[in-house]
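Quick note on our numbering: the sequence shown kicks off at 6 and runs consecutively.
Beta carbons are placed, not taken as given, at the ideal position from N, Cα and C, and that holds for glycine.
Heads up: the structure comes next, in structure tokens.
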Amino acid sequence: MRFGLLGQTCAWRDDGSEIPLGGPARRGLLALLLVNPGEVVSADRLADEVNPDEALSAHALQSQMSRLRTALGTAATIERAGAGYRIVVPRDDVDAFRFERLAREGRAALREEDAERAVALLREALALWRGPALADLTGSPAAVRLEELRLTALEDRMEGELRLGGHRALVPELRELVGRHPLRERLAGLLMRALFAEGGQAAALAAFEETRRHLADELGADPSAELLALHRELLAADPSPPPVAPPAQLTSFVGRAGEVAEVAELLRTARLVTLVGPGGVGKTRLSVEVAGAPGVAGPAAGARSSGRAADDVCFVELAALRDGAELPQALLGALGLRENGLRLEVGERRPVDRLIAALADRVLLLVLDNCEHLVEEVAPLAARLLAACPRLRVLATSREPLGITGEHLWQVRPLDDEAAVRLFTDRARAVRRGFAVAPAVGTADGGTERVVRRICAALDNLPLAIELTAARLRTLELDDLAGRLDDRLAVAARGSRTAQERHRTLRSVVAWSWDLLPEAEQRAARRFTVFTGGASAEAASRVCGIDGETLESLVDKSLLEVVGGRYRMLETIRAYGAEQLDAAGEAEPVRRAHARAVLDLFRTAAPHLLRTRQLEWLGVLAREHGDLPAAVRWAVESSDTAVGLELLATASAYLWIRGVSLSVAPYAVALLDVMGERPPAGLGEEYAVCVLLAASGPGGREVWRRHRAAAGRALAAAWPGDRPGRYPAVLLLWMMHNTGGEGALETFALVTAQRDCPHGWARAVARYVLGFGALGEFFGEGDSLGESGLPGMAEAARVWEGAVEEFRAFGDRWGTALALDALAGLAVARGDRTRAVALIDEALDLTDQLGALEDAADLLVNRGDQLVETDLAAARADYDRAAALARRAGSSNYVGAALRGLGDIALRDGHLAEAESHYTEALELIDPLWIRSVGNRVRLLAGLGSLAETRGDRATARARFRQAAESATAVTGAPGADALRLIGLPESLVEAVSSGARAV
């Protein structure tokens, strides 16, 4: 007999049948006895605990025990002992004790690094639970203890699964558990590790912040040493997201092992290889396999000769792109690069230049998949990247060559007959267990091999056609399948086939496979084509009315595939499905529903993007990003300006914080053209956001010139100061875009008018901007920093500290980082290097969470500049890391800034040639017209002056010192040495520059 305490109290016979125990009193008595089998439980305790509201009488207790003995029979003995009762059963017959034993063994296996055995034992232990422990007893201490053991066993099991690489499946379960147990730090740590393993460093850091907040608010405590150590470990990791890896394949690779080796060998000498062939021939799958071949990304000129880091391959799927202008942004996104930092850079930004800067010294294989519809745009971009980036190699797939110098073509042909039969057999076995191919002679099945060969020949041995056809064996017999296919294709013999004829064959197979679908599945499949980058089950249901069963059926039939929990459709099938959507007359309503669903998603997310759950929602929107341009494109094409404007406005905070605003800039321009000079009524603020987005892209200056004044008036009407508008992020962006321009004073007035606004984030922005006003208002003739600091510094510090507190209260990392950076600059100007470093450290933590590489590089350079006076090794490490991050981000300015710092150190060490090399390269990279570069350019010119002075070249030294002093004064407005101090130069360099500039 077995007994159960992990849920309602139960008893089972050896054959598994349950023994009827009777009412709750009897179940409660049995539970009390089973908690400690073999030990006596007093009659008083039994009477009290089985019914806390009204204790059983002695007679009633004796009666219930008698009935319990009768129910259990001879398999379990209940004895009267002294003043109580006891049950005599083996402890392992009770599920609670069996659970404890298995959980102990699982934990021991985990300590011994045997994660596989640990997970098996812990799963077995946890499977014993049927509900709450001791469900028939109220408030039992034993139940509390068992529930704690259950939670610990859950943690141990998830620890083991993490070690086995099961992080992706664990994230939803861990999120749910952390939500129920927000103060349990081990669960929080497991969630952080699972999120990080999935590539979500920002989400992992957000999980830490959430736990830290709960501990502080509810317990007044800090996180444990273990959780803090994990937090530091995550911060120390590279904050940049890895490039997009080739898609994971769920099926075996058949018939092209030799080609993989040959193409991989070709890529070791050729820097551009294009896999050419008709649709469905297997170009994408071959490229994925080649990308996974050892060492295929190198060696290139000057590259290492062996091994490959995990991020040496970047896979870019181009099928979903409809406009060649989107190509550079698609590459930036696939490489994990932002288009801009957390500050909005004004002017003509060129994504191609950022790509070149990021790839200039990087060993990388760039896979460009499905180039045929963008050949005119892909070819010149690939040529330019290859010319500028000597360690880069490109593997392209296309139905036609790119046609540029240095291209090596590899013709991807259909499978040979034997490989085609193997592929068909492999895919058939996936849907029909035990399927086998046998020759005609001496077999009972009449020769399935002959039929399979005939099917494959009719399909021109095209892999995609074979996979679609084999999937039909789930419902059709082989001979029936062959007959239907012959009827559809109308081919008696294969003969000589051109690429165009093979494409017609594939289209016929797709159409045949489509026609076999029930009407509901056809409707679902054609509607699914509105998703450009795949969709979650929830999104498919919301937009297309597709249920989970239909989705799985389409996967079974190879019309959809599942990648990373999202459903996607191969482009060949998607193109056919889109035609069916048009033919059914559903294109307009389904695309409208898609746009509305995207709008609803961004509306839901918008309030969270400036708050504590910022990172979580940024991740959600990043996964759905591909649908945003598609939805705005529909709004432009259908002239639905209201939906288009609202889409861009609700997405604006996401677009700028993530650094991907360029992906929608062309659509913002097109929307303004459709709209004309006046926005729809009530959408003035949305119009202003659209103008900002349009101005951020190529050709943005003309858009800005035409619309700035009208957009400014609309924004002022939306944010009068006494009531909030709808999109607070636009205030900060408007200020950044107008800095130094003709509308600077109006913008300052608009933003600072929000200092008493009911919206807390808007108030924080107002304080942030007021700080700059406090500094700028007090420069004048004869003003000097003197001993007490710049007049206005105290006021600037006060309002910036207020801004930090307001941003923190909201939970926004973007605004907090900007305000901390401003305070750090103020501390530098005051000469308080210790405080400056502490503030920079805080800002670095936040920029790392946001994945803002160039902002992190800027902060590292700033920190290095403060440490160089006291800790040369730490400063060098900061400059080195800044250079690496800036190169990865494609930011020439910050690479130059880091090289300037390294040049300063080389000059201090007396390595003049090394200093000159660093300074010379930095001078070429730092943009003299960009406001953020001014401080580094002044330091660079001062360093060049010191270098010339050390070499005895007084004329050059004097010229460089003058340039440094004039640049500092021009930007800060402060006179002489004060300007140099405000830039942050150490006092020794201030004196050197000042005296050198005055020298005759």
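task = Starting from residue 860, trace the alpha helix (DSSP H) both ways and give me its first and last residue.
result = 858 to 872
Reduced DSSP category for residue 555 - H, G, I as helix; E, B as strand; rest coil = helix
ask   = Can you list, in chain order, the residues of its chain whose CB lies under 6 angstroms from that of residue 988, leaving out five sequence neighbours each side?
value = 940, 943, 973
ask   = Considering only residues of the same chain and omitting the five flanking positions on each side of residue 874, which have a CB-CB separation below 8 angstroms?
value = 838, 991
ask   = From the DSSP output, which residues share a beta bridge with residue 1042?
value = Summary: the structure shown does not reach residue 1042, with the chain confined to residues 6 through 1005, and so no result is reported for it.
query = Which ranges would you report for the beta strand (DSSP E) in the segment 413 to 457 if only whole runs of at least 3 residues count?
reply = none
key: Identity of the residue in 742, 53, 63 nearest residue 145 by Cα   = 53
query = What's the call for residue 21, buried or exposed, on a 16-neighbour Cβ count within 10 Å?
reply = exposed
ask   = Leaving out the 5 sequence neighbours to the left and right, which residues in its chain are closer than 7 angstroms to residue 759 when beta-carbon positions are compared?
value = 724, 726, 736, 767, 768, 770, 771
message = On the criterion of 16 or more Cβ atoms from any shown chain inside 10 Å, does residue 477 qualify as buried, or is it exposed?
response = buried
message = Buried or exposed, going by whether 16 or more other CB atoms sit within 10 Å of the CB of residue 25?
response = exposed
inquiry  = By the DSSP assignment, the beta strand (DSSP E) with residue 89 in it spans what residues?
reply    = 89 to 93
ask   = When burial is assigned at 16 or more other CB atoms within 10 Å of the CB, is residue 923 buried or exposed?
value = buried
Inter-residue spacing [alpha-carbon to alpha-carbon] between residue 379 and residue 326 = 8 angstroms
Between the CA atoms of residue 108 and residue 152 - distance to the nearest angstrom = 13 angstroms
query = So what does DSSP say about residue 232, is it helix, strand or coil?
reply = helix
ask   = CA-CA distance, residue 995 and residue 413?
value = 57 angstroms
task = Kindly list the residues whose CB is nearer than 6 angstroms to the CB of residue 730, restricted to its own chain and excluding five residues on each side of it in sequence; keep chain order.
result = 690, 723, 724
key: First and last residue of the uninterrupted alpha helix (DSSP H) at residue 739   = 734 to 743
request  = Kindly indicate which three-state DSSP category residue 521 falls into: helix, strand or coil?
outcome  = coil
Where residue 618 sits in the DSSP three-state scheme = coil
query = Using CA coordinates, which residue listed in 268, 200, 46 is at the minimum distance from residue 170?
reply = 200
message = Our contact map puts residue 13 next to residue 32 with C-beta atoms below 8 angstroms; I'd like the distance itself, whole angstroms only.
response = 7 angstroms
query = Rounded C-beta distance between residue 286 and residue 467? I'm assuming under 8 angstroms.
reply = 6 angstroms
inquiry  = Considering Cα atoms alone, identify which of 343, 525, 816, 836 is closest to residue 857.
reply    = 343
key: For residue 322, the three-state DSSP class (helix, strand or coil)   = strand
inquiry  = Less than 9 angstroms between the C-beta atoms of residue 293 and residue 372, yes or no?
reply    = yes
ask   = Is residue 288 closer than 9 angstroms to residue 399 when the C-beta atoms are compared?
value = no
task = Quick one: grab the DSSP three-state call for residue 256.
result = coil
query = Assuming residue 130 contacts residue 158 under a Cβ cut-off of 8 angstroms, what Cβ separation, rounded to an integer in Å, is found between them?
reply = 6 angstroms
request  = Output the boundary residues of the beta strand (DSSP E) element that contains residue 708.
outcome  = Element bounds for residue 708: not the beta strand (DSSP E) but the alpha helix (DSSP H), 705 to 723.
ask   = Do you know how far the Cα of residue 15 is from the Cα of residue 104?
value = 15 angstroms
ask   = What three-state label does DSSP hand residue 471 in the structure shown?
value = helix
task = Please list the segments of the alpha helix (DSSP H) lying wholly inside the segment 325 to 407, counting only runs of 4 or more residues, in order along the chain.
result = 332 to 339, 356 to 364, 380 to 393
request  = Give the C-beta separation of residue 564 and residue 556 to the nearest angstrom, bearing in mind that I take them to be a contact with Cβ-Cβ under 8 angstroms.
outcome  = Between residue 556 and residue 564 the Cβ distance is about 10 angstroms, and since that is not below 8 angstroms, they are no contact.
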